[in-house]
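Colleague: Have a look at the structure that comes next, please.
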Amino acid sequence: MVSAAQAYRALAALCIGFFMILMDQTIVAVATPHIQQELHASLSQVVWVTSIYLLFYVVPLLLSGRLGDRYGQRNVYRVGMVVFVGASIVCGLAPTIEVLIAARAVQGLGASILTPQTMSVINRIFPKERRGTALGIWGAVAGLATLAGPMLGGIIVASLGWHWIFFINVPLGVLSLVLVSLWVPDLPRTTSRIHGGSVVLFLLGLSAVVFSLQQGFSLGWPWWLWLLLGVGLLCLVVFVWWQHRVSDPLMPLALFAQRNFALGAFSIATVGLAVTAQMLPIMVYLQQGRGLDPERAGLMMVPMALVSGVLSPLVGRATDKIAPRVLSVTGFSAFIAALVVLSVEMALGHTSWGFSAAVALMGVGSALVWAPNSATSMREVPVNLMGAASGVYNTTRQVGAVLGTALVGAVMQVSAAHYDVGVAMGLSLLVPAAALLLGLCAVSFFPGTAPQNRS
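Read the sequence shown against our numbering and you will find it ends at 1387, with the numbers running on by one and no gaps.
Structure representation (structure tokens):
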């Protein structure tokens, strides 16, 4: 039995690493122009610095969750962190764009190995009456990390150079590694085997789909890419069919029979899409449309990070006391409203109080979205399926992020050919707003009573 004090220490240790790897998804966006200039890279090459990270992060997530069940979440987390920190050092020292891209791939793999372990451990060491609060904190860290990336990235790039957005991972990673070794218990493991055929089908299918979505618009969707996308989708269909027939499925389909998990997995995909898709248009508008340097552009996002940072712990504690539907619907609605206001402000060429107020409202939405979603989705999942559930949940979130990058890139490209920067980037923000509208529909079916009032 894990004491409450030990459980919260373990949560803190895990959240340090989780914050770091999610921040790495968005922190690079601010440094992209500097990386391109210093490493003499083409635009297509520098885009791969982000794309390759997402590709190697997304694809192994489901497998990583099951590896934690079989070999121990603490052990697998430590392996992932060592890989991530080592790759971060190579990223910071990279002399060429090719080396940087390769190191980012390894960095994404390390992030993929450790991410599902955080959610699995939390679900296993906290009793049900405190699990909502713990998962709320975990979800809040996820939201805060994605918001803090551009802000911290701007400050670091302006003061220390782009290399340090990678070097900063080293002390944080080592700290998390030490604390996890000290505070996270070695939990019992399952004896179920991992079916090799399922792994091959899933990795091939998702790799093909993610790559196609990432490259489709930039390559003009040639015939061979459509073929690759079709093959990937076929592999995933066969994978799902196969899961019905194996004794130890990589993705237990019984998870989707749980309404809250299915709704949460879908809605978190829309959040992943929105969080990823929103940042690039905003940064392009601030730097190219308004002429701000990376540091000042990053500082424009401070209201969002501050509001989210203050509200997130409060929302985390409220997840066991307030109906998930109330919190989630409020959060999604606030997020959508903020994006619509920002779209109008950018189209009008503003960086006034209206822009800042909308950025702050995004922080409100973020705080209210992440925590209730993660807590509600995982609350009723059986212990023996925690690793698989964590892998599925994080996979859907990251697939949403990949789709968001592809969609917003296409809209930015088309709208920039017809409108000025402000209008084009403002229109691009309607992509994440539309995605969140779908998420809002899903969370409207979350339970309407507080968890502590349900039997």
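The beta carbon of each residue, even a glycine, is placed where N, CA and C say it ideally should be.
What do you get for S1113, buried or exposed, if any count of 16 or more other CB atoms within 10 angstroms of its CB means buried?
Modeller: So S1113 ends up on the exposed side.
Colleague: Using the C-alpha atoms, what's the distance from M1233 back to L1259?
Modeller: Each residue's Cα considered, the two are about 23 Å apart.
Colleague: Which of helix, strand or coil does DSSP assign to V960?
Modeller: DSSP places V960 in helix when its eight states are reduced to three.
Colleague: Does DSSP put R1177 in a helix, a strand or coil?
Modeller: Residue state, collapsed to three classes: coil.
Colleague: Take the Cβ of A1374 as the centre, count every other Cβ of all protein chains shown within 10 Å, and call the residue buried at 16 or more, exposed below.
Modeller: Classification of A1374: buried, given that the 10 Å Cβ count is 16 or more.
Colleague: Roughly how many whole angstroms lie between the Cα atoms of H1127 and V1178?
Modeller: For H1127 and V1178, the distance between alpha carbons rounds to 8 Å.
Colleague: Helix, strand or coil, according to DSSP, for S1387 in the structure here?
Modeller: The predicted model places S1387 with a pLDDT of 49, which falls under 50 and marks its position as unreliable; any figure quoted below should be read in that light. Here S1387 sits in coil by DSSP.
Colleague: Take Q969 as the anchor and find which of T1050, F951, I1029, L1293 has the nearest alpha-carbon.
Modeller: It is I1029 whose Cα lies nearest to the Cα of Q969.
Colleague: For the alpha helix (DSSP H) that P1304 lies in, which residues bound it at each end?
Modeller: Unbroken alpha helix (DSSP H) run through P1304: 1285-1310.
Colleague: Alpha helix (DSSP H) containing F1058: first to last residue?
Modeller: That residue, F1058, is in no alpha helix (DSSP H); it is neither H nor E in DSSP.
Colleague: What residue range is occupied by the uninterrupted alpha helix (DSSP H) comprising D1001?
Modeller: First-last of the alpha helix (DSSP H) with D1001: 993-1003.
Colleague: Tell me whether the beta-carbon of L1205 lies closer than 7 Å to the beta-carbon of G1332.
Modeller: Against a cut-off of 7 Å, the Cβ pair of G1332 and L1205 comes out as a contact.
Colleague: For H966, which three-state DSSP category applies?
Modeller: Residue state, collapsed to three classes: helix.
Colleague: Classify V1247 as buried or exposed, calling it buried when 16 or more other Cβ atoms lie within 10 Å of its own Cβ.
Modeller: Its Cβ being crowded by 16 or more others within 10 Å, V1247 is buried.
Colleague: Closer than 7 Å by C-beta to A1292: which residues in its own chain qualify, once you throw out the five before and the five after it? Chain order, please.
Modeller: Cβ within range, chain order: P1235, M1236, V1239.
Colleague: Would you identify the three-state DSSP class for F1264, choosing helix, strand or coil?
Modeller: Note: F1264 maps to helix in three-state DSSP.
Colleague: Are S996 and P1048 closer than 7 Å when you measure CB to CB?
Modeller: Yes, they are a contact pair.
Colleague: Does the separation of the CB atoms of I1268 and L1368 fall below 7 Å?
Modeller: Cβ atoms of I1268 and L1368: closer than 7 Å.
Colleague: To which residues of the same chain is G1371 closer than 7 Å at the C-beta, ignoring the five residues directly before and after it?
Modeller: Excluding residues within five positions, the ones whose Cβ falls inside 7 Å are S1199, T1202, V1203, F1264.
Colleague: Contact check, P1383 vs G1064 under 8 Å by CB: the rounded distance?
Modeller: The Cβ separation is near 6 Å, so the contact holds.
Colleague: Hey, quick one: how far does the alpha helix (DSSP H) through I1200 stretch, first residue to last?
Modeller: Here the alpha helix (DSSP H) through I1200 covers 1191-1216.
Colleague: Since I believe I1033 is in contact with V981 (beta carbons under 8 Å), could you give me their beta-carbon distance rounded to a whole number of angstroms?
Modeller: At roughly 6 Å, the Cβ-Cβ gap stays under 8 Å, so V981 and I1033 are in contact.
Colleague: Taking just the CA atoms, how far does Q1345 sit from D1001?
Modeller: Going by the C-alpha atoms only, they are around 43 Å apart.
Colleague: For D1225, count neighbouring Cβ atoms within 10 angstroms of its own Cβ and tell me buried if that reaches 16, exposed if not.
Modeller: Counting Cβ neighbours within 10 Å, D1225 comes out exposed, since fewer than 16 surround it.
Colleague: Compute every distance between the C-beta of T964 and the non-hydrogen atoms of the ligand MG, then say whether any falls below 6 Å.
Modeller: The ligand MG is not among the ligands present in this structure, which contains no ligands whatsoever.
Colleague: Determine, using beta-carbon pairs with one atom in the region 1152-1168 and one in the region 1181-1190, whether at least three such pairs fall under 8 Å.
Modeller: The answer is no - the region 1181-1190 does not touch the region 1152-1168, with fewer than three Cβ pairs under 8 Å.
Colleague: Can you round the beta-carbon distance between P1082 and I959 to whole angstroms, since I take them to be within the 8 Å contact cut?
Modeller: About 7 Å separates the two Cβ atoms, so the contact holds.
Colleague: Could you pull out every residue in the same chain whose Cβ sits closer than 7 Å to the Cβ of S1387, ignoring the five residues on either side in sequence?
Modeller: Low confidence applies to S1387: its pLDDT is 49, below 50, so where it sits in the model is not reliable, and the reading given next is rough at best. Excluding residues within five positions, none has a Cβ falling inside 7 Å.
Colleague: Taking L905 as the reference, give the member of V1053, L1133, A1229, S1275 with the closest Cα.
Modeller: Outside the shown range of the chain, which is 933 to 1387, sits residue 905, and nothing can be said about it.
Colleague: Alpha carbon to alpha carbon, what distance is there between V1334 and L1145?
Modeller: Near 7 Å, if we compare the C-alpha coordinates of V1334 and L1145.
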